[in-house]
Ligand SMILES: [Zn+2]
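In full-length UniProt numbering, the protein residues as written are 1 to 152.
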């Protein structure tokens, strides 16, 4: 079950510099674009590359879309002749100097593509500036943090 969080609020359960993006629920209101023109294609493309590169915090179950009229339907992203199941992980994206991280549900790709959700500009910039060949890993960052925190 997705818990609604305001965009750019602090990501819970950690002292790390992580911020929420795209944690929508059925009551969320958001700036939206027209999904019938293809203005969102570039960011959807880039987010798909990021999704294929690394999924962070895989969930135990499958989250479905709170905005779709049909409830409890699994959401797939169709790209490159493949179906990618969404609602099972997060996407973590650092800012340019890696001092901040944005954490979004993978369903954000569906929200942008099908519901016209427009993420905050600062996030969009980081998505486009993200180097797909970097060694940076959200999962590794989180593991290092946990290891240090609980080291005796
Ligand atoms: Zn939906």
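Cβ atoms here follow ideal geometry from the backbone N, Cα and C, with glycine treated the same way.
9 Å Cβ cutoff met for residue i and residue j
i: residue 40; j: residue 116; result: yes
i: residue 52; j: residue 64; result: no
i: residue 25; j: residue 69; result: no
i: residue 19; j: residue 100; result: yes
Range covered by the alpha helix (DSSP H) that runs through residue i
i: residue 213; result: No answer is possible for residue 213: the residues shown for the chain start at 1 and end at 152.
i: residue 20; result: Here residue 20 belongs to no alpha helix (DSSP H); instead the beta strand (DSSP E) covers 18-20.
i: residue 138; result: 138-149
Limits of the unbroken beta strand (DSSP E) element including residue i
i: residue 30; result: Careful: residue 30 lies outside any beta strand (DSSP E) and carries neither H nor E.
i: residue 118; result: That residue, residue 118, is in no beta strand (DSSP E); it is neither H nor E in DSSP.
Selection from the options that minimises the alpha carbon distance to residue i
i: residue 62; options: 126, 144, 2; result: 2
i: residue 113; options: 11, 71, 42; result: 42
i: residue 59; options: 47, 105, 130; result: 105
i: residue 85; options: 92, 91, 76, 93; result: 76
i: residue 94; options: 27, 35, 132; result: 132
What runs of the alpha helix (DSSP H), each 4 residues or longer, lie entirely inside the region 49-89? none
For ligand 1, which residues count as neighbours when the test is a C-beta closer than 6 Å to any heavy atom? 65, 67, 68, 110, 114, 115
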